[in-house]
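Residue numbers (the working numbering), protein chains in the order written: chain A, 26 to 287; chain B, 10 to 289.
Given below as structure tokens:
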């Protein structure tokens with residue numbers, strides 16, 4: 026928008042943005058000219074908007090359907106949970122009203138919903154796992170579509186005490202305080218059990234989830250911070266050969282792309 | 010390479026089948042850069058392989074040409090790099106706005122038909138064109154309501170933007186038809202005075218009649234109807250060149266074979282319409 030300046034064009038676009046994204050359209054539905062006046066539209070534009078009220082309500086439906094679709098596609102378990110409680114529409118309305126969809130990439134709508142849950146804390150007094158569940162549901166597309174970065178040079182095939190494990194850039198080493206990976210559409214509430222997950226693409230490009238022990242998750246996390254495997258294993262009290270066997274398995278699965286000197 | 014004939018939008022459900030086929034089943038594919046750039050993974054690599062192998066035209070969805078939100082430099086850089094990599098002959102966007110105040114609606118919202126909107130859109134088109142490595146086309150959209158009090162007709166608005174920006178025209182023939190039904194005008198008369206010399210490409214698609222609203226909506230979710238095919242056949246000889254036509258299908262996407270059969274029927278209508286022109 027022109028810095029600090031409004032024009033008939035900006036006022037019209039602002040009014041329509043309000044109409045399509047605000048949760049409650051009753052003001053527009055009942056008194057469209059007053060809705061337009063509240064947004065400083067000129068008399069002719071007020072009349073025009075009022076004369077086409079029903080058509081603009083069609084646009085409101087089109088926008089909301091387009092923005093809700095990736096949410097239904099990405100968050101089937103979250104949607105089921107909230108629909109059973111009668112609050113899914115309320116959640117979508119609050120999300121759209123927050124105007125956090127700012128990316129020109131349609132694929133970013135679902136991640137924006139997770140970001141909104143994190144910022145707003147919506148529903149999390151009642152469902153303390155809600156953010157973690159939605160985060161987990163969005164993970165599959167995030168991992169599957171992660172850009173194919175070129176491999177860093179000098180990677181080694183074998184683990185050793187003075188090396189770190191290098192995760193595939195698409196892989197995620199995550200800790201949840203709820204067992205989100207066990208939630209289903211039939212049983213959408215995950216139990217309050219800590220879970221350590223390694224989510225990655227396998228060599229065929231399929232999304233995979235490995236459940237880790239807290240020690241293995243910590244080993245990968247320290248590696249990502251640059252700490253050599255040997256000292257970390259000593260600290261964690263894990264036998265090197267046992268850990269190295271596991272790391273080789275992660276490498277063969279595509280979660281770890283290799284090893285490099287610490 | 011001169012693009013002509015009837016192409017198809019490359020859609021996610023068909024990627025694996027198209028990637029695995031030996032022969033390219035269409036003269037060209039159309040693809041939205043927004044759905045490809047900045048991604049990775051197995052399916053993404055299949056898309057890149059198809060784009061490397063086959064002829065491609067790009068078509069944008071979300072640059073909000075009539076809007077005010079600034080384009081992020083990385084979005085422009087990615088777009089320009091993609092256009093170069095695909096060797097597309099041009100890139101197109103819709104004559105609409107989609108975002109305001111940083112909030113993206115991902116919908117093609119109509120511009121007011123005003124002189125201010127003409128000036129603003131012309132400036133945005135020129136600014137984008139200056140950042141792109143290929144010529145730029147604007148597409149006429151379906152609109153269901155005028156935004157504000159119009160100072161001119163939709164047709165004159167489109168005409169003034171095309172002339173002012175001096176850009177090419179992606180003539181969406183289904184959008185002309187949908188608008189003619191919803192707003193009650195003769196689509197042939199509408200087209201007759203337009204600058205057909207600017208048409209570089211056409212879109213054709215199916216639409217849906219919503220009884221309750223008394224409205225035809227450009228759903229891209231059904232086969233193309235006969236009146237739209239007839240309108241394509243009517244305008245092609247008047248354009249006088251075998252401009253490429255793209256069959257769009259974005260909803261209720263059927264099996265690839267079904268779309269290929271529809272494409273083949275459209276190709277026959279296209280060839281028939283242009284037979285006199287190419288002989289002349």
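Every residue gets a Cβ at the ideal spot worked out from N, C-alpha and C, and that includes glycine.
For residue 114 of chain A, the three-state secondary structure derived from DSSP is helix.
Here residue 82 of chain A is not near residue 71 of chain A, since their CB atoms are 7 Å or more apart. Look at residue 145 of chain B here: in three-state DSSP terms it is strand. The beta carbon of residue 190 of chain B lies closer than 8 Å to those of 225 in the same chain, with the five residues before and after it left out. DSSP places residue 210 of chain B inside the beta strand (DSSP E), whose first and last residues are 208-214. In this structure, the CA atom of residue 69 of chain B is about 29 Å from the CA atom of residue 198 of chain B. Using a Cβ-Cβ cut-off of 7 Å, residue 42 of chain B does not count as an interface residue toward chain A, since no Cβ of chain A sits closer than that to its own. The residues 24, in chain order, have a CB closer than 7 Å to that of residue 52 of chain B in the same chain once the five nearest residues on each side in sequence are set aside. DSSP, reduced to helix, strand and coil, places residue 283 of chain A within a strand of the structure shown. Of the residues A:132, A:113, A:240, the one whose Cα lies closest to the Cα of residue 155 of chain A is A:113. Contact of residue 92 of chain A with chain B by beta-carbon distance below 8 Å involves 114, 115. Between the alpha carbons of residue 60 of chain B and residue 78 of chain A lies a gap of roughly 44 Å. As summarised for the region 27-64 of chain B, the continuous alpha helix (DSSP H) elements at least 4 residues long and confined to that stretch are 51-62, given in chain order.
Under the DSSP assignment, residue 198 of chain A falls outside any alpha helix (DSSP H), being part of the beta strand (DSSP E) whose first and last residues are 197-201. By the rule that beta-carbons nearer than 7 Å mark a contact, residue 178 of chain B does not touch chain A. DSSP places residue 224 of chain B within a strand segment (E or B) once states are collapsed to three. Setting aside the 5 residues that flank it on each side, residue 215 of chain B is surrounded in the same chain by 231, 232, 233, each with a C-beta closer than 6 Å to its C-beta; the list follows chain order. Judged by DSSP secondary structure, residue 75 of chain B falls outside any beta strand (DSSP E); it is assigned neither H nor E. In this structure residue 200 of chain B touches residue 185 of chain B by the C-beta definition: roughly 7 Å separates them, less than 8 Å.
Distances from the alpha-carbon of residue 26 of chain B to those of B:58, B:154, B:237 put B:58 closest. Per DSSP, reduced to three states, the secondary structure at residue 222 of chain A is strand.
Leaving aside the five residues that flank residue 242 of chain A on each side, the residues in its chain whose CB is nearer than 7 Å to its CB run, in chain order, 198, 200, 221. Contact residues of the region 180-207 of chain B toward chain A are absent (C-beta to C-beta distance below 7 Å). Against chain A, the beta carbon of residue 71 of chain B has neighbours under 9 Å at 128, 129, 130, 131, listed in chain order. Residue 230 of chain A belongs to the set of residues whose beta carbon lies under 7 Å from a beta carbon in chain B.
121, 123, 125, 126, 129, 153, 154, 155: these are the residues of the region 121-155 of chain B whose beta carbon lies less than 8 Å from some beta carbon of chain A, given in chain order.
Distance check between residue 20 of chain B and each of B:55, B:97, B:32 places B:55 closest, using alpha-carbon atoms only. For residue 233 of chain A, the enclosing beta strand (DSSP E) stretches over residues 232-237. Excluding its 5 nearest sequence neighbours in each direction, residue 224 of chain A has C-beta neighbours in its own chain below 6 Å: 164, 168, 197, 234, listed in chain order. Cβ neighbours of residue 217 of chain B within its own chain (closer than 8 Å, five residues either side excluded): 225, 226, 228, 230, 231. For residue 113 of chain B, the enclosing beta strand (DSSP E) starts and ends at 112-118. For residue 284 of chain B, the three-state secondary structure derived from DSSP is helix.
Within chain B, no residue has its CB atom less than 7 Å from the CB of residue 31 of chain A, the nearest being about 10 Å off. Between residue 157 of chain B and residue 106 of chain A, the gap from beta carbon to beta carbon reaches 7 Å or more. Excluding its 5 nearest sequence neighbours in each direction, residue 117 of chain A has C-beta neighbours in its own chain below 6 Å: 93, listed in chain order. The count of Cβ pairs closer than 8 Å, one atom from the region 93-104 of chain B and one from the region 137-151 of chain B, reaches three, so the stretches are in contact.
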